[in-house]
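Visitor: Under the working numbering, think of the first position of the sequence shown as 110, with each following residue one higher. Cβ coordinates follow ideal geometry from the N, Cα and C atoms, glycine included. Right, I'll just put the structure down here and ask away after.
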Amino acid sequence: MSDLPELDMLVDAFPNYPRSELASRLLCASSPEVLFNELLVEAANEPEHALAASSAKVFHPHVNRLKELFPTAQKDNLADALHRNNGCLDKTIEHMLENNPVHNLVSLCGLDDAEAAPYMARNKNDVLRALADVISHYKKRKKVRTSRIQAPNNPSVAYRDSYVLHEHSTELLQLKECIWAESALQELNYDFLLKSLVFFQGNVSRVLDVSRVYIEAGCQSVTFDHRLGFQVKEVPKPSTSASTLLRSKSPSLISPRPLGPKLGAASSRTSPPIREKSPLAFGVGVKTSLVNTSRSKPSIHLAQPNLPKPAPAKPAPHIKPNGLDLHGCTVVESVNIVKEAVSAWWKEEKDARMVEGHIDRYGARAEFVDPLRIITGRGIHSAGGASKIRVSVIRLLSQEGYLIDEYVGSVAVYGRKPRKH
Numbered sequence: 110m111s112d113l114p115e116l117d118m119l120v121d122a123f124p125n126y127p128r129s130e131l132a133s134r135l136l137c138a139s140s141p142e143v144l145f146n147e148l149l150v151e152a153a154n155e156p157e158h159a160l161a162a163s164s165a166k167v168f169h170p171h172v173n174r175l176k177e178l179f180p181t182a183q184k185d186n187l188a189d190a191l192h193r194n195n196g197c198l199d200k201t202i203e204h205m206l207e208n209n210p211v212h213n214l215v216s217l218c219g220l221d222d223a224e225a226a227p228y229m230a231r232n233k234n235d236v237l238r239a240l241a242d243v244i245s246h247y248k249k250r251k252k253v254r255t256s257r258i259q260a261p262n263n264p265s266v267a268y269r270d271s272y273v274l275h276e277h278s279t280e281l282l283q284l285k286e287c288i289w290a291e292s293a294l295q296e297l298n299y300d301f302l303l304k305s306l307v308f309f310q311g312n313v314s315r316v317l318d319v320s321r322v323y324i325e326a327g328c329q330s331v332t333f334d335h336r337l338g339f340q341v342k343e344v345p346k347p348s349t350s351a352s353t354l355l356r357s358k359s360p361s362l363i364s365p366r367p368l369g370p371k372l373g374a375a376s377s378r379t380s381p382p383i384r385e386k387s388p389l390a391f392g393v394g395v396k397t398s399l400v401n402t403s404r405s406k407p408s409i410h411l412a413q414p415n416l417p418k419p420a421p422a423k424p425a426p427h428i429k430p431n432g433l434d435l436h437g438c439t440v441v442e443s444v445n446i447v448k449e450a451v452s453a454w455w456k457e458e459k460d461a462r463m464v465e466g467h468i469d470r471y472g473a474r475a476e477f478v479d480p481l482r483i484i485t486g487r488g489i490h491s492a493g494g495a496s497k498i499r500v501s502v503i504r505l506l507s508q509e510g511y512l513i514d515e516y517v518g519s520v521a522v523y524g525r526k527p528r529k530h
């Protein structure tokens with residue numbers, strides 16, 4: 110068979126087939142042309158068979174869960190990562206997040222994975238350089254109409270920056286006061302801080318958080334890199350008129366928020382922060398302002414008729430610094446207490462947003478108050494081993510549109526969905 114030119118031709122054309130198999134099939138075929146056509150059809154169908162075999166492969170349910178969290182990853186790679194972590198889903202997720210630079214950038218800047226990936230590739234997976242690149246070059250724009258009358262077939266649509274920084278805006282004055290109060294902030298490029306304020310839509314708190322990342326990492330020099338689009342700008346000198354103007358615009362904003370003891374002695378522990386998240390300071394059914402007012406009034410004692418003493422009221426749940434403890438309450442009482450508590454908690458958040466201005470830039474997550482923790486109990490001693498209070502509270506919060514995190518024996522409320530009008 111070695112002297113058959115047809116066999117040599119088939120071996121060269123189909124190297125995936127063994128020579129012995131091609132020789133036996135050539136002997137049984139009616140002609141070399143017929144066998145050649147059969148082999149062509151088989152070779153064309155091989156990718157389909159391989160794809161069907163891979164799709165039919167059964168993976169562990171944890172792999173499917175990982176695929177939902179990391180849609181760009183291959184299932185085989187996810188299965189290997191799960192195997193390396195001894196089948197523990199939580200450890201696998203934590204390990205993948207720690208080793209995913211794109212996710213780290215997304216968590217810092219808030220962009221989508223698809224938007225953040227080019228910046229990471231351009232900066233060779235250096236998260237801090239990529240973040241500075243995003244702050245310098247990414248533009249958040251919105252559609253605007255260019256005229257009152259829009260032609261149905263040829264609409265005229267333009268785009269403009271969704272946030273424009275003004276020289277005397279409250280956010281800029283607030284940022285300046287933070288810089289003047291924190292020597293660590295003065296080590297960063299002022300142009301970087303200004304562009305960060307524009308990128309984060311005037312959210313000074315986010316600017317301080319990002320600044321802390323660069324300071325604690327010792328990467329202040331990145332904010333001066335002209336290759337990332339930054340110009341070297343000096344921090345303006347403190348101005349008394351600017352501070353006066355800030356307080357006239359927002360009387361409740363006093364001294365700037367300290368960055369914390371990690372940044373050195375510049376962080377003052379005695380000065381109250383601008384955007385400090387205040388713990389919940391209200392009781393069930395009684396507002397703090399009313400309590401203070403009643404205490405300040407002089408007490409007047411009047412003669413009272415001899416009336417039967419009312420039955421002692423059931424004590425209110427224990428008010429913790431940042432939440433409620435519903436132990437000892439009935440289901441109805443718990444629902445009423447929680448409904449009033451979360452309403453007052455969200456009102457405090459909205460009032461703080463009103464003071465800050467630019468309400469539209471804030472999302473559903475609370476920015477100014479700490480999450481409200483509601484202790485519902487685990488229901489070990491309840492019928493069926495489930496807490497009826499917990500079920501009712503979660504149902505109420507879901508119906509009212511509150512964003513919650515569920516824990517063992519408690520629920521944390523951290524925001525509220527905007528209501529549809």
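(1) Taking all protein chains shown into account, do 16 or more other C-beta atoms lie within 10 angstroms of the C-beta of Asp242, making it buried, or fewer, making it exposed?
(2) Closest to Gly472 by C-alpha separation, out of Pro141, Met118, Trp455, Phe123, would be which residue?
(3) Anyone know if the C-beta pair for Tyr299 and Val344 falls short of 7 Å?
(4) Quick one: what does DSSP say Leu481 is sitting in, helix, strand or coil?
(5) Roughly how many angstroms separate the alpha carbons of Thr201 and Gly338, rounded to a whole number?
(6) Determine the DSSP secondary structure at Asp334, reduced to helix, strand or coil.
(7) Answer with buried or exposed for Leu433, where buried requires no fewer than 16 other C-beta atoms within 10 angstroms of its C-beta.
(8) Taking only the alpha-carbon atoms, compute the straight-line gap between Asn232 and Val211 and give it to the nearest angstrom.
(9) Can you give the Cα-Cα distance for Glu286 and Leu220, rounded to whole angstroms?
(10) What does a CB cutoff of less than 8 Å around Ala225 pick up in its chain, not counting 5 residues either side in sequence?
(11) Can you give me the C-alpha to C-alpha distance between Arg504 and Val444, rounded to a whole angstrom?
(12) When the Cα of Phe123 is compared with those of Ala138, Ser292, Ala153, which residue comes out closest?
(13) Evaluate Asn173 with the Cβ neighbour count: other Cβ atoms within 10 Å of its Cβ, from every protein chain shown; 16 or more gives buried, anything less gives exposed.
(14) Inspect the beta-carbon positions of Phe477 and Ala461 and report whether they are closer than 7 Å.
(15) When the Cα atoms are used, what is the spatial distance from Ser131 to Leu149?
(16) Would you tell me roughly how many angstroms separate the C-alpha atoms of Glu151 and Asn125, rounded to the nearest one?
(17) Taking DSSP as the reference, what is the three-state secondary structure of Glu476?
(18) Are there 16 or more other CB atoms within 10 angstroms of the CB of Leu144, so buried, or fewer, so exposed?
(19) Please state whether DSSP places Ser320 in a helix, a strand or coil.
(20) Taking the straight line between their C-alpha atoms, what separation do you get for Ala223 and Glu177?
(21) Measuring only the C-alpha atoms, how far is Ser292 from Val319?
(22) Unbroken alpha helix (DSSP H) runs of length 4 or more, entirely within the stretch 168 to 197: which are they?
(23) In the structure shown, what three-state DSSP assignment does Ala521 receive?
(24) Using 7 Å as the threshold, is the C-beta distance between Gly510 and Arg474 below it?
(25) Name the two residues that bound the continuous alpha helix (DSSP H) containing Leu512.
(26) Kindly indicate which three-state DSSP category Leu113 falls into: helix, strand or coil?
(27) Could you tell me the boundaries of the beta strand (DSSP E) in which Leu433 lies?
(28) From Val440 to Glu458, what distance separates their C-alpha atoms?
(29) Here's a check: name, in chain order, each residue in its chain whose Cβ is nearer than 7 Å to the Cβ of Gly518, leaving out the five neighbours to either side.
(30) If you measure between the beta carbons of Val322 and Ser305, is that distance less than 7 Å?
(31) One question on the structure: do Leu198 and Leu187 come within less than 7 Å of each other, judged by their Cβ atoms?
(32) Could you tell me if Met463 is buried or exposed, where buried requires 16 or more neighbouring beta carbons within 10 angstroms of its beta carbon?
(33) Within the present structure, is the beta-carbon of Asn234 separated from the nearest heavy atom of the ligand MN by less than 6 Å?
(34) Can you tell which of Ser314, Gly437, Asn146 has the C-alpha that lies nearest to the C-alpha of Glu280?
(35) If you run the structure through DSSP and keep just helix, strand and coil, what is Phe309?
Guide: In this structure, then:
(1) buried
(2) Trp455
(3) yes
(4) strand
(5) 37 Å
(6) coil
(7) buried
(8) 11 Å
(9) 28 Å
(10) Val211, Leu214, Val215, Cys218, Ala239, Val243
(11) 10 Å
(12) Ala153
(13) exposed
(14) yes
(15) The amino acid occupying residue 131 in the given sequence is Leu; Ser does not appear at that position. Rounded to whole angstroms, Leu131 to Leu149 spans 13 Å at the Cα level.
(16) 11 Å
(17) coil
(18) buried
(19) helix
(20) 16 Å
(21) 16 Å
(22) 170 to 178, 184 to 193
(23) strand
(24) no
(25) Not the alpha helix (DSSP H): Leu512 falls in the beta strand (DSSP E), residues 511 to 516.
(26) coil
(27) 432 to 434
(28) 27 Å
(29) Ile484, Thr485, Gly486, Arg487
(30) no
(31) no
(32) exposed
(33) The ligand MN is absent from the structure shown, which contains no ligands of any kind.
(34) Ser314
(35) coil
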